[in-house]
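First comes the structure, then the notes that go with it.
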Ligand code: BGC
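In UniProt numbering, the protein residues as written are 1 to 306.
In structure tokens, the structure reads:
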């Protein structure tokens, strides 16, 4: 996709830069093969050279697994469309309020009548713990500021003289890993709204703020989030992905360049987060799913140390 501007709300202009498709996935094949949140479920091994659906893999027998929490029919999940006489979703389009389009393009419907992972085999069939067949859409706000000393001067890495960037990272309740405070796009929701809502809920704990605090936070967030730089839009190498359900995201960077707005927020973990902190960005960081790639791209764009 070339550079373009989109208006997502009357006051919000986001600049879209590009879309990328990962060549392969690794976090949903894993080293110990067990599926997240259920270590009794073991993925069928898929070596690197058998990930592509174009390569025949005789004897490929992925385990069929959909978590009970998904099968119990919560609002965020689809029904089991593989059962006979079940109404079929409208794949590859906006189906009612549910966006079943993939950022990667048109996906294939497999021999069981369900979407096929566009990157390749994962060793698990079904939905695992994801609610939707096909793409499950998330949005990731990368909120950054320059690291500063007590005199409010921007700190640099002395070996290369590059300024050090920090971003707001949360610790996920499910895996304990540090991550961008992203979350799922609700049906019919604008991505710009998801970005703000998730950041508020997970990094500022707005779910438990008073009415006055909430108003103040909302005003400041509106100011910061009205200009964002798109960092990534596409498939995510997420440990929950299966042959039929996968995560996609849109990641935006909001940089508080002079450190006067978000850089001053008090961070409080909330909702799906158990910890939150300003984290120095460098090549050593370890993050959930493909988040390290998004952070690297952000650092490059802003000319920060890595
Ligand atoms: C997370 C996002 C992440 C996405 C894909 C969602 O559950 O909240 O931060 O990018 O999954 O891994």
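Built from N, CA and C at the ideal position, the CB exists for glycine as well. Remember, predicted model here, so these are calculated numbers, not experimental data.
- Counting other Cβ atoms within 10 Å of its Cβ, residue 117 reaches 16 or more and is therefore classed as buried.
- A Cβ-Cβ separation of about 4 Å places residue 62 in contact with residue 125 under the 8 Å criterion.
- Residue 134 sits away from residue 163, with the two beta carbons spaced by 8 Å or more.
- In this structure, DSSP gives residue 127 an extended state, which the three-state scheme calls strand.
- Put simply, the segment 101-109 does not touch the segment 202-214. Fewer than three CB pairs are less than 8 Å apart.
- In the pairwise beta carbon analysis, the segment 146-153 is classified as not touching the segment 178-192: fewer than three pairs are separated by under 8 Å.
- Counting along the chain, residue 41 sits inside no alpha helix (DSSP H); it lies in the beta strand (DSSP E) bounded by residues 38-42.
- If you draw a straight line from the Cα of residue 199 to the Cα of residue 166, it comes to about 16 Å.
- Short note on residue 218: C-beta not closer than 7 Å to any heavy atom of the ligand BGC.
- Less than 8 Å divides the Cβ of residue 178 from the Cβ of residue 279.
- Within 10 angstroms of the beta-carbon of residue 303 lie fewer than 16 other beta-carbons, which makes it exposed.
- Listed in chain order, the beta strand (DSSP E) elements of length 3 or more contained wholly in the segment 92-146 are 124-128, 134-146.
- By the C-beta criterion, the segment 192-208 is judged to be in contact with the segment 265-284, since at least 3 inter-stretch pairs fall below 8 Å.
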